[in-house]
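*Asks:* In terms of this note's numbering, the sequence shown opens at residue -5 and continues consecutively. Beta carbons: idealized from backbone N, C-alpha and C, even for Gly. These figures come from a predicted structure and were not determined experimentally.
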Amino acid sequence: MANPAATMSKAAELARLPFGTDPDEVKRVLDRDGGLVLTGCLSREQVDAINRDLDPLIGPLRQGNFGVGEDNFVAEFYGGKTKRLQHCVKYSQVYREAFLASPILAEYVAAILPGRPGRHSLFASQAIDIYPGETAQALHRDGGTIAPTLGINRADSVELVANTLLALTDITEEMGATRVIPGSHAWQDFENVGAPEQTIPATMNAGDALLLTGKLSHGGGANSTTDRSRRVISTSFSISFITPEEAWPFAITIEEAKSYPPIVQAMLGFHSVPMRGEEPGFLWRLEARPLEDKLKLGRLPLDIA
Ligand SMILES: O=C(O)CCC(=O)C(=O)O
Ligand SMILES: [Fe+2]
């Protein structure tokens, strides 16, 4: 069947709204396009501080550090000329406190996912450095790893994941800006992820973030420069009864979590999880008590945002 979107003229540029824009306005753009660039989420100073935290960890990694081989199905998807560092939440206080714990970010996530702001799980917190010579990543929908298993991989299905790609360098098209197909979140046929010609690059300044729904077709771009890499942190969230990509309680100790903002503790699984909005949460309990009580972390304020 012909892809109806293929006959439509493609959007020239992704919408851009300043971080802090009313969540209802952001939701209107998300409903229309499936993604947008939030400008100025972090200052240059904050970006520099996060890079100082991450550089010593990313520097020694080899490109293609997620390996190769048939038994490693993520290797190709993760890129042979790309470095990825998981668990960034653990390594940067500025990223944790200025970005992850931001109440407005929690509201944008809640504009995509069911559930109240601050009651979503962190799915991944992964730096992605794309190096010269990297080819374009296969187009995909981030929710597409989970939704087909549940038989709900459709435009009108519940959203399972929401992603933010926080730019930690200025990112031009040549450096491998993420490619997106605005409107692809609403296509009838989710077997179709679209074609490279339908994509546009989400260019960003350091400190901007691309916010995308789990239904928007996108992929990392090819880096055609000879000497410049680009960095984002992919900070993705899910409804909280989905197994995250990164196994937080094994990466982060309770002692470390104690110094984190409560909203970050909760997104990492150090608090019990509400199923129908009840507080404290009914799921993920310890000896029938809320986990946050057992771990002596204190309860989350009812209204984060
Ligand atoms: O690095 C990027 O620009 C996008 C990466 C991505 O979409 C993914 O790995 O799921
Ligand atoms: Fe993705």
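By DSSP, does Lys4 sit in helix, in strand, or in coil?
*Replies:* Of the three classes helix, strand and coil, the one that applies to Lys4 here is coil, per DSSP.
*Asks:* Sort out for me which residues DSSP pairs Pro12 with in a bridge.
*Replies:* Pro12 pairs with Thr33.
*Asks:* Compute every distance between the C-beta of Ile194 and the non-hydrogen atoms of ligand 1, then say whether any falls below 7 angstroms.
*Replies:* For ligand 1, not one heavy atom lies less than 7 angstroms from the Cβ of Ile194.
*Asks:* At what residues does the alpha helix (DSSP H) containing Ala105 begin and finish?
*Replies:* Looking at the DSSP string, the run of the alpha helix (DSSP H) that includes Ala105 is 97 to 106.
*Asks:* If we ignore side chains and look at the alpha-carbon of each, how far apart do Lys21 and Gly14 end up?
*Replies:* Those two C-alpha atoms are separated by around 13 angstroms.
*Asks:* Mind checking whether Ser356 and His114 have CB atoms under 8 angstroms apart?
*Replies:* Any property of residue 356 remains undetermined from this structure, which presents the chain solely from -5 to 299.
*Asks:* Would you say the beta carbon of Ile122 comes nearer than 7 angstroms to a heavy atom of ligand 1?
*Replies:* The answer is yes for Ile122.
*Asks:* So what's Phe71 in DSSP terms, helix, strand or just coil?
*Replies:* Looking at Phe71 - three-state DSSP - the assignment turns out to be helix.
*Asks:* When you compare each of Gly208, Gly170, Val152, Ala69 to Gly177 by their alpha carbons, which one comes out closest?
*Replies:* Nearest option by C-alpha distance: Gly208.
*Asks:* Compare the beta carbon distance of Ile52 and Leu79 with 8 angstroms and say whether it is the shorter of the two.
*Replies:* The answer is yes: Cβ separation under 8 angstroms.
*Asks:* Check the C-beta distance from Ile227 over to Tyr89 and give it rounded, since I have them as a contact under 8 angstroms.
*Replies:* With a Cβ gap of about 7 angstroms, Ile227 and Tyr89 count as contacting.
*Asks:* How big is the Cα-Cα spacing for Ile165 and Arg224?
*Replies:* Roughly 6 angstroms separates the two Cα atoms.
*Asks:* By how many angstroms is the C-alpha of Leu48 removed from the C-alpha of Leu8?
*Replies:* Approximately 28 angstroms, taken between the alpha carbons.
*Asks:* Nearest by alpha-carbon distance to Leu55: which of Leu204, Ala141, Ile122 is it?
*Replies:* Checking every option, the nearest Cα to that of Leu55 belongs to Ile122.
*Asks:* I want to check one thing, is the minimum distance from the CB of Gly214 to the heavy atoms of ligand 1 below 7 angstroms?
*Replies:* Checking the Cβ of Gly214 against ligand 1 gives yes.
*Asks:* Within 10 Å of its beta-carbon, does Asp202 have 16 or more other beta-carbons around it, so buried, or fewer, so exposed?
*Replies:* Under this definition Asp202 is a buried residue.
*Asks:* Quick check: does the Cβ of Leu159 come within less than 7 angstroms of any heavy atom belonging to ligand 1?
*Replies:* Yes, the beta carbon of Leu159 sits closer than 7 angstroms to at least one heavy atom of ligand 1.
*Asks:* With 16 other CB atoms within 10 Å as the buried threshold, where does Lys288 fall?
*Replies:* Exposed is the call here.
*Asks:* Can you find a heavy atom of ligand 1 that lies under 7 angstroms from the Cβ of Ser86?
*Replies:* No, the beta carbon of Ser86 sits no closer than 7 angstroms to any heavy atom of ligand 1.
*Asks:* Applying the criterion that 16 or more other CB atoms from any shown protein chain within 10 Å of the CB defines a buried residue, is Val62 buried or exposed?
*Replies:* It is exposed - the Cβ of Val62 has fewer than 16 other Cβ atoms within 10 Å.
*Asks:* From which residue to which residue does the alpha helix (DSSP H) around Arg46 run?
*Replies:* Looking at the DSSP string, the run of the alpha helix (DSSP H) that includes Arg46 is 38 to 52.
*Asks:* Looking at Val174: is its Cβ nearer than 8 angstroms to the Cβ of Leu210?
*Replies:* A contact, by the Cβ cut-off of 8 angstroms.
*Asks:* Using CA coordinates, which residue listed in His134, Glu239, Asp65, Ala43 is at the minimum distance from Ala200?
*Replies:* Among His134, Glu239, Asp65, Ala43, the Cα nearest to that of Ala200 belongs to Ala43.
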